[in-house]
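I have placed the structure first, in the form of structure tokens, so that the comments after it can refer back to it.
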Amino acid sequence: MPSLTSYKALQFDVYGTLIDWESGLHTALLPLLSSAPPSRTKGWGKKEILEAYASIEKDLQVREPQMLYTELMGRVWEEMARRLGVDVSRFVVGEQGEGVVGGNEKGEGTSRGPTTSSTSSTSTSTTTTSKPPLSAPALKFAHSIRTWPPFPDTVQALQRLSKHYKLAILSNVDRDSLVYTLALLQPPSSPSLQQAPTSTHPFSQVLTSQETSSYKPSLSTFSHSLSSLQSKFGIEKEEVCVVTCSLFHDIEPAGKLGLGRVWIDRGGVIGGVGGEGQGEVEWDWKFGSLGEFVEVVEEVFRVEGK
Numbered sequence: 001m002p003s004l005t006s007y008k009a010l011q012f013d014v015y016g017t018l019i020d021w022e023s024g025l026h027t028a029l030l031p032l033l034s035s036a037p038p039s040r041t042k043g044w045g046k047k048e049i050l051e052a053y054a055s056i057e058k059d060l061q062v063r064e065p066q067m068l069y070t071e072l073m074g075r076v077w078e079e080m081a082r083r084l085g086v087d088v089s090r091f092v093v094g095e096q097g098e099g100v101v102g103g104n105e106k107g108e109g110t111s112r113g114p115t116t117s118s119t120s121s122t123s124t125s126t127t128t129t130s131k132p133p134l135s136a137p138a139l140k141f142a143h144s145i146r147t148w149p150p151f152p153d154t155v156q157a158l159q160r161l162s163k164h165y166k167l168a169i170l171s172n173v174d175r176d177s178l179v180y181t182l183a184l185l186q187p188p189s190s191p192s193l194q195q196a197p198t199s200t201h202p203f204s205q206v207l208t209s210q211e212t213s214s215y216k217p218s219l220s221t222f223s224h225s226l227s228s229l230q231s232k233f234g235i236e237k238e239e240v241c242v243v244t245c246s247l248f249h250d251i252e253p254a255g256k257l258g259l260g261r262v263w264i265d266r267g268g269v270i271g272g273v274g275g276e277g278q279g280e281v282e283w284d285w286k287f288g289s290l291g292e293f294v295e296v297v298e299e300v301f302r303v304e305g306k
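Using full-length UniProt numbering, the letters of the sequence shown map in sequence onto residues 1 to 306.
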């Protein structure tokens, strides 16, 4: 196994690794769950709620790889509402939920545009969608991702890691959603900074599914990031290590490409984020938090005198 000092870039997943995905998503889904008939959600706790959401999202990402993540989140919410027998018209939506995503006056769907790739089942294919605009409550739910909080150790750990590596993001979200999150990943982490015109976040490269035209775990998504790291910074594939909480979205495809793999196992109720077959997925290092990881990194660099 290579030393942690042999890598020049760390590529991060965001939601679940840096941002508290479970808490943010669960909180955003509670109004929908509280409106459902009790018989539909009998026995549901946080785990069942998140698993229901993740299952629908995963299926939609396979079927609609060109759909922007804001719309995808809203469509998942609408599908959950349908399955739970919830009347969407009963929701009262504030200013943040107003607007239209996913359609124009003719009901035409929003996507990244037709491109072609056959790398995996989630890679982009030429599609034409025709969908009505998102409902206002669905859009409000989709916008909730902008305020999901970082884990307590995230901001400081990123600053410390940036002293040793180029830091990169490869995320399944869209640019408009991620710009709010990036503001939370700069010191000090504060919602008041979310619309600041400048940012001091520590990332040298930021790529979303909007740029890659596919969703992880598509290998084409990773190839796009690796190509960009090589062309911009001269960093080769063997010098890239993926740091993530998700076995399914990141660790497994990273292994197929021969990348370094650090699993940040933050626990939670559905740890691994949708990674069925977790017992078969291999990683190089496993840590319980980003803070634990950075402590080991700094010690290794100190011992090796780098």
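Idealized CB from N, CA, C, for every residue including glycine.
On a predicted model such as this, the values are computed, not experimentally measured, just so you know.
- Around the CB of residue 39, fewer than 16 other CB atoms lie within 10 Å, so the residue is classed as exposed.
- Rounded to whole angstroms, residue 270 and residue 297 show a C-alpha spacing of 27 Å.
- Note: residue 150 is bridge-paired with 19 in the DSSP secondary-structure output.
- Between the C-alpha atoms of residue 236 and residue 230 there is a straight-line separation of about 6 Å.
- For the pair residue 247 and residue 281, the CB atoms are nearer than the 8 Å cut-off.
- In the DSSP assignment, the residues bridged to residue 170 are 207.
- Counting along the chain, the unbroken beta strand (DSSP E) around residue 286 starts and ends at 285-287.
- Taken atom to atom, the span from the alpha-carbon of residue 73 to that of residue 174 is near 11 Å.
- Only buried fits residue 261, as 16 or more other CB atoms lie within 10 angstroms of its CB.
- For residue 158, same chain residues with a beta-carbon under 6 Å away, outside a window of 5 residues either side, are 202 in chain order.
- Ranked by Cα distance from residue 208, the first of 13, 285 and 135 is 13.
- Residue pairing of residue 12 in beta bridges, as defined by DSSP: 169 and 243.
- In the DSSP annotation of this structure, the continuous segment of the alpha helix (DSSP H) that includes residue 56 starts and ends at 46-63.
- Per DSSP, the beta-bridge partners of residue 264 are 287.
- For the set 48, 60 and 28, the Cα lying nearest the Cα of residue 75 is the one of 60.
- In the DSSP annotation of this structure, the continuous segment of the alpha helix (DSSP H) that includes residue 141 starts and ends at 136-143.
- The C-alpha of residue 166 is placed about 15 Å away from the C-alpha of residue 155.
- Excluding residues up to 5 positions away in sequence, 84, 85 and 86 lie with their Cβ nearer than 7 Å to the Cβ of residue 36 in the same chain.
- Across the set 234, 266 and 140, the C-alpha of 266 shows the shortest separation from the C-alpha of residue 293.
- When rounded, the separation of the alpha-carbon atoms in residue 15 and residue 242 is 14 Å.
- Around the Cβ of residue 206, a 10 Å sphere holds 16 or more other Cβ atoms; the residue is buried.
- From the listed residues 17, 215 and 183, the smallest Cα separation to residue 65 is found for 215.
- In its chain, beyond the 5 residues on either side, 270 have a beta carbon closer than 8 Å to the beta carbon of residue 51.
- With 16 or more other Cβ atoms from the protein chains shown falling within 10 Å of its own Cβ, residue 240 counts as buried.
- About 6 Å separates the Cβ atoms of residue 33 and residue 41, confirming a contact at the 8 Å cut-off.
- For residue 67, the three-state secondary structure derived from DSSP is strand.
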